[in-house]
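The structure under discussion appears below in the form of structure tokens.
Number of protein chains: 2
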Amino acid sequence: MKGISIKDIAKQAGVSPTTVSFVLNGKAKEKRISDQVSKKIQKIAGKLKYKPNQLARGLRTGKTKTIGLIVEDIANNFFATLAKVVEDEADKYGYKVLYGSTEDNTEKAKGLLEVLKYRQVDGYIITPTKNLDKEIEQLQGAGKPIVLMDRYFPQMPSHYVVVDNYKGAYTATEHLVNQGYSKIAIVTTTSDQVQMKDRLQGYNDALKAAGITANKALVKKLPFDLDREGFNDEIKKFLTASKGLDAVFFATNYLGIYGIESIRSLGWTIGSDIGVVSFDDHDIFRLHSPAITCVAQPLRQIGENLVSILMKELNQPTTDMQQVVLPLDLIIRPSSLHK
Amino acid sequence: MKGISIKDIAKQAGVSPTTVSFVLNGKAKEKRISDQVSKKIQKIAGKLKYKPNQLARGLRTGKTKTIGLIVEDIANNFFATLAKVVEDEADKYGYKVLYGSTEDNTEKAKGLLEVLKYRQVDGYIITPTKNLDKEIEQLQGAGKPIVLMDRYFPQMPSHYVVVDNYKGAYTATEHLVNQGYSKIAIVTTTSDQVQMKDRLQGYNDALKAAGITANKALVKKLPFDLDREGFNDEIKKFLTASKGLDAVFFATNYLGIYGIESIRSLGWTIGSDIGVVSFDDHDIFRLHSPAITCVAQPLRQIGENLVSILMKELNQPTTDMQQVVLPLDLIIRPSSLHK
DNA sequence: CGTTCGTACTATAACGTTTTAGCGGTATCC
DNA sequence: GGATACCGCTAAAACGTTATAGTACGAACG
């Protein structure tokens, strides 16, 4: 069950494969193929439902019309929704998406890059892990367009699309202060990557601006690779250890989810016993009672920017880096209003 | 920045590309290449970090080591989690995944099949839409292994991995009856595909078995393409129109989520005012207060089965169809206990 | 009338791999 | 001593494209 090839069309039209290729690639004018022949070829191609073999084309041209999408965890709501947007947008340009999850593990990420590289993807959208800068620079050096997302390497020039993490965290913390909460903790990750640093900094600066002195005991950093129980145990331990604590800011959506679960299992009432704000929106936050205040990322915008930058680079590479920082929305809900 | 090719290795080793290919494909013994040469080639390949060009290989062999994953909506928790499992499992066999979302739209699904076909994926995992049987049969006819998931076409032989929808719905409904609820509604989709039919049948039969006469006014079918507000409006309208209603079974996870939102915005108390059970588990159901009883799908098992069947078919196609029906777990939570 | 030019195509090579057929040489057989 | 078999390897073709160089033909030019 072989597919239709350019040769089949050539045979039927009584011309050479070269001519068929020219016509089908819109080079009829340029290559001075007569309208007559041109139309005949078009018609036959249509009738036979000819679809170019992307492998052969890729082998010859070096372009596969495929982009690699590397995320932290495709099962996570944030990345899955983004994957959908990327799929949609890429499709508009005729590109398909190969995806992979790093689990925030640098070795896994390197493996993914390797595989995608020898699968000849044309460009990459990457949520980088720690220490992935060397590999990324190497790919860039090889002329492969890359757009980073969610985070980037401050010392390394690159295209990226991120959100204003600092301001998001600042606004969230400020909001808690304005609502009358004063002993405000943050639960974040052990990651020292820029996005988490910025969030922590935003939290710290907002407290300082409110005249609240920093208290290291109110900052809890958790590793990525705990399981559900591990997260819950750690969070509960942390929350109960901090006397007088009256609000907590969770720095990622999954921390927020575990956080809610933990607080509930402690029997505390969200809002009055403890104010809660989380980074990232999620159906859960909207539906929880009380609903959870959050800093929402503009997912569609992020995805659109990622793909449009990548496509621009694929078509006409430039030397200047496109760096987009999108604003965040603070969505205020009851979880932070009942002090 | 060309990659290392088999020719580079051949040159360095002073042998022909053929020999290199034999050795690197493990055919050294079979093709009687001497250990000496064999080892030399291995060493050079290792040193140069040779990675075969998958395009060239694919062009020659017709195998791309890529599988196409067609789901309803990759942004949906159920499908995203599944995509992760499929990614993991496929990786074990050296396969990568190209994905696409149908939005339950047959035309989109056809488009996806088309694209994946001329991208030469080796096999498919498909959540079929209505009327996709013709296209699937055609692909099967072309010798492409396909495993269906979530649903299948009863009149068409195919491999599939599904869950026991009938029994799941039956058990869920029976549970509501046992808890003392008696006027039990179901909110399902307009889809007349087998998985939804089975769920509806399970619901009906469980009621019948309990001596409760069917009441068409308690069955609500909603189309897939509403927006959030549309779903909420419809559900609210339905729930308030049914006098005496004391429990409701939502037949998919997204319906369950909208359902909770709707019930809450009506000001009803889940559990006492109205018992709730949903199909599919979700973080939301676990974290909601009260937590929502649900019929959970064994995601990892589904994914593992899908990939393992597909791989078996890729390696040694058989004529008999592998059809797996996995059992479901009823996870009982407070939303269905307070009558 | 020989040269140049333009038109409308085509032959051929190349991309990197795998596969088939085969080659030159030595050893074995009857 | 001629056929046969094995050994260790290689030449060449093929997969389906695209890009480069070129060709055959007629017209225009000087």
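The listed protein sequences derive, respectively, from chains Y and P. In terms of the working numbering, the first sequence opens at residue -9 and continues consecutively. In terms of the working numbering, the second sequence opens at residue -9 and continues consecutively. We put the beta carbon where it would ideally sit given N, CA and C, even for glycine.
In the structure shown, P/His149 falls within a strand segment according to DSSP collapsed to helix, strand and coil. Bridge partners of Y/Asp319 according to DSSP: Y/Ala286. The three-state secondary structure of P/Ser252, taken from DSSP, is helix.
In the structure shown, the three-state DSSP call for Y/Ala175 is strand.
One thing to note: P/Leu190 has its Cβ no nearer than 9 Å to the Cβ of P/Ala237. Contact with chain P is absent for Y/Gln291, since none of that chain's Cβ atoms lies less than 9 Å from the residue's Cβ. Contact annotation: Y/Ser325 and Y/Ile225 have beta-carbon atoms that are not nearer than 9 Å.
Taking 9 Å as the cut-off, the Cβ atoms of P/Tyr150 and P/Asp188 do not count as close.
Residue Y/Tyr244 holds the alpha-carbon nearest to the alpha-carbon of Y/Arg218 among Y/Ala99, Y/Val27, Y/Tyr244, Y/Glu62. Looking at the backbone, the Cα of P/Val105 and that of P/Val266 are separated by about 41 Å.
DSSP lists Y/Ile174, Y/Gly265 as the beta-bridge partner residues of Y/Ala237.
A distance below 8 Å between beta-carbons, with the five flanking residues on each side excluded, links Y/Gln130 to the following residues of its chain, in chain order: Ile136, Ser148. Straight-line measurement puts the Cα of Y/Leu88 at about 50 Å from the Cα of P/Gly170.
The beta-carbon of P/Ala3 is placed no less than 9 Å from the nearest beta-carbon of chain Y. Identification of chain Y residues near P/Arg254 by a Cβ-Cβ cut-off of 9 Å yields Leu277, Ser279, ordered along the chain.
Inter-residue distance for Y/Phe228 and Y/Lys210 is about 7 Å (C-alpha atoms, whole angstroms).
The shortest C-alpha to C-alpha distance from Y/Val177 to any of Y/Phe143, Y/Ala159, Y/Gln313 is the one to Y/Ala159.
Three or more Cβ pairs closer than 8 Å define a contact, and the segment 262 to 277 of chain P falls short of that threshold against the segment 295 to 314 of chain P. Within the segment 159 to 208 of chain P, the complete alpha helix (DSSP H) segments of 4 residues or longer fall at 184 to 199, listed in chain order.
Here Y/Ile(-6) carries a coil assignment [DSSP, helix/strand/coil]. Taking 7 Å as the Cβ-Cβ cut-off, the segment 99 to 120 of chain Y approaches chain P at Val105, Tyr108, Arg109, Gln110, given in chain order. Cα atoms of Y/Ile116 and P/Ala175: separation of roughly 46 Å, rounded to the nearest angstrom. According to the DSSP secondary-structure assignment, Y/Met139 is paired through a beta bridge with Y/Val151. The beta carbon of P/Tyr89 sits closer than 9 Å to some beta carbon of chain Y.
Residue-level contact by beta carbon fails for P/Leu197 and chain Y, as no gap is shorter than 9 Å. For P/Thr8, no beta strand (DSSP E) encloses it; the enclosing alpha helix (DSSP H) starts and ends at 7 to 14. When Cβ-Cβ separations below 9 Å define contact, Y/Leu166 makes no contact with chain P.
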